[in-house]
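Trainee: FYI, the numbering for the sequence shown is -26 to -1, 1 to 258, going by mature numbering (1 follows the signal peptide of the UniProt record, and there is no 0).
The structure's right below; bear with me while I get my questions together.
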Amino acid sequence: MRVRWLDAVMVAVTAAGVLAAAPAQAAPSTAPAAAGTRAMWLWSDAPAGEVVDWAVAAGVRDVFVSVTGRPAGAELARLRALADLAGTADVRLYALGGDPGWVDDRRGALGWLRAAAGTGLFAGYHVDVEPYLLPEWSTDREGVAARYLSLLAALQREAALPLEADVPFWWGEVSVAGRNLAAETLRRVDAATVMSYRNTATGPNSMWDVGGDLLAHGARAGKPVRLAAETGPTAGCGHCSFAGRPAADLDATLAAVDAAALAAPAPAFAGIAVHHYDAWRRLA
C-alpha cells in the first residue's frame, strides 16, 4: 500500500512539473480555413509524381510524409523528388513520424526530428504518437499522459519549424494533474489534427460532432485544428470509414463539414485531413 501511495505522489509531482514547464498560452488568432482546404497522410513510397498530381487534383495543400529516423539512399532520393515536385505545385510537406514508445524514448524521438530537419525538405513536423496504445494506458493513464506531454514539450523546444500532433477526438476527456489533456497538448504544439473518423458530416456521432471539443479547445488556445476522415478499413466500426464507399460520398461529406465550420463559425477549423493517400485513391 505504501509503494502505491508513493507511486501516486510521484505521478502527481511529475505531472505538475510537466504542466508548469509548458510555454505560455498564445492569444487566440485563428480563423476558419476556406472550404476545400485539405491535407493527407502518406505512409507509402508511392511515386512522387502520382502523389503530387493527386494532391493538386484533390485540393491537398499539406502532405504528412512518413520519414524514418535515418533518411538516406533511396528514401532520401524519393523525398527530394517529392519535395521538388511539391514545391512547384505549392504543396507543403510535413515530416510524419511517431510511435507510442516515444513517450519513454525521448532520445529516439528527438533523433527522428533532427534527422528530418537535416534533410531541409519539410515545412514542419507532424507526430503521430498515440500513447493510449501502450499497455500502461489502462493502469497508469495519468502517468503515460504526463510523459506524453513532456515528450511534446521536448520536441517543441528542439523544433525550429512548426510542430503538429495527431490526437483522438476524446482527448479532452482525460485529465493530467487536474488539467485537460487536450488543452495541455495544444499548449505544446502549433496545430493539431483530430482523428474524427466518422463517415457522416453532421448530427450525432458525426465528424463535426466528435471533433467539436478539440475545435473549441483550439479556438480558446488560438491554435489551428484540422478534422480528419478515414478511407482505409476499420475493423468493427462501420461508421468510422469511407472504405468501400464511392469517392463522391467522401467529397460530399467533407464539403458538408466545411459548410458547418463556416456557418458555426469555428475559428480554429483548419480544414480536413484524409487518412491516407493509398486508401483514398482506392475509393471508387
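Every residue, glycine too, gets a C-beta built ideally from N, C-alpha and C.
Note that the structure is predicted; figures quoted are calculated from it, not measured.
1) For the region 103 to 173, which segments carrying the beta strand (DSSP E) assignment without a break, of at least 3 residues, lie completely within its bounds, in sequence order?
2) Evaluate Leu126 with the Cβ neighbour count: other Cβ atoms within 10 Å of its Cβ, from every protein chain shown; 16 or more gives buried, anything less gives exposed.
3) If you draw a straight line from the C-alpha of Thr(-13) to the C-alpha of Ala120, how long is it?
4) List the whole-angstrom C-beta distance separating Leu257 from Val231, where the pair is believed to meet the contact cut-off of C-beta under 8 Å.
5) Going by DSSP, name the residue or residues bridged to Gly100.
6) So, Pro6 versus Ala203, is the Cβ gap smaller than 7 Å?
7) Quick one: Cα of Glu158 to Cα of Leu123, how far?
8) In the DSSP assignment, the alpha helix (DSSP H) including Arg44 goes from what residue to what residue?
9) What does the Cβ neighbour count give for Asp140, buried or exposed, with the cut at 16 atoms within 10 Å?
10) Kindly list the residues whose CB is nearer than 8 Å to the CB of Ala1, restricted to its own chain and excluding five residues on each side of it in sequence; keep chain order.
11) Indicate whether residue 272 and Trp182 have their beta-carbon atoms separated by less than 7 Å.
12) For Asp36, which residues does DSSP report across the bridge?
13) DSSP three-state call for Ala90: helix, strand or coil?
14) Which same chain residues, not among the five before or five after Leu155, have their C-beta less than 6 Å away from its C-beta?
15) Between the alpha carbons of Arg81 and Ser112, how many angstroms are there, rounded?
16) First and last residue of the beta strand (DSSP E) that includes Arg200?
17) Quick check on the DSSP output: the beta strand (DSSP E) that includes Val248 runs from which residue to which?
18) Tell me Ser180's beta-bridge partners as DSSP assigns them.
Mentor: Once the coordinates are examined:
1) 137 to 142, 165 to 169
2) Mapped onto the sequence shown, residue 126 falls at position 152. With 16 or more Cβ atoms within 10 Å of its Cβ, Leu126 is classed as buried.
3) Taking the sequence shown and counting its residues from 1, the one referred to as residue -13 is at position 14. Taking the sequence shown and counting its residues from 1, the one referred to as residue 120 is at position 146. Low confidence applies here, because Thr(-13) scores a pLDDT of 48, under 50, leaving its location unreliable and the question unanswered by this model.
4) On the sequence shown, position 283 is the one that residue 257 refers to. On the sequence shown, position 257 is the one that residue 231 refers to. Not quite, the Cβ-Cβ distance comes to about 17 Å (not below 8 Å), so this is no contact.
5) Against the sequence shown, residue 100 aligns to sequence position 126. Residue identity check: residue 100 is His in the sequence provided, not Gly. Paired residue(s): Leu70, Glu138.
6) In the sequence shown, residue 6 corresponds to position 32, counting from 1. In the sequence shown, residue 203 corresponds to position 229, counting from 1. No, they are not a contact pair.
7) Residue numbering aside, residue 158 sits at position 184 when the sequence shown is read from its first letter. Residue numbering aside, residue 123 sits at position 149 when the sequence shown is read from its first letter. Glu158 and Leu123: Cα-Cα distance of roughly 7 Å.
8) Translated into positions along the sequence shown, residue 44 becomes position 70. That residue, Arg44, is in no alpha helix (DSSP H); it is neither H nor E in DSSP.
9) As a working note, residue 140 is residue 166 in the sequence shown. Buried, because 16 or more other Cβ atoms sit within 10 Å of the Cβ of Asp140.
10) Here residue 1 is taken as the residue at index 27 of the sequence shown, counted from 1. Legend: pLDDT at Ala1 = 43, less than 50; position of this residue unreliable, value from coordinates given subsequently. Excluding sequence neighbours, Ala1 sits near Gly196.
11) Outside the shown range of the chain (-26 to 258) lies residue 272, about which nothing can therefore be said.
12) In the sequence shown, counting from the first residue as 1, residue 36 sits at position 62. Its beta-bridge partners are Ala13, Arg66.
13) Walking along the sequence shown from the start, residue 90 turns up at place 116. In this structure, Ala90 counts as helix in the three-state DSSP scheme.
14) For the purposes of this step, residue 155 is identified with residue 181 of the sequence shown, where counting begins at 1. Cβ neighbours of Leu155 beyond the five flanking positions: Ala119, Trp145, Val148.
15) Along the sequence shown, one-based indexing puts residue 81 at 107. Along the sequence shown, one-based indexing puts residue 112 at 138. Cα to Cα, Arg81 sits roughly 25 Å from Ser112.
16) Locating residue 200 in the sequence shown gives position 226, counting from the first residue. Per DSSP, Arg200 belongs to the beta strand (DSSP E) from 199 to 204.
17) As a working mapping, residue 248 is identified with position 274 in the sequence shown. 243 to 249 is the extent of the beta strand (DSSP E) around Val248.
18) Residue 180 sits at position 206 when you count from the first residue of the sequence shown. According to DSSP, which records beta bridges pairwise, Ser180 is partnered with nothing at all.
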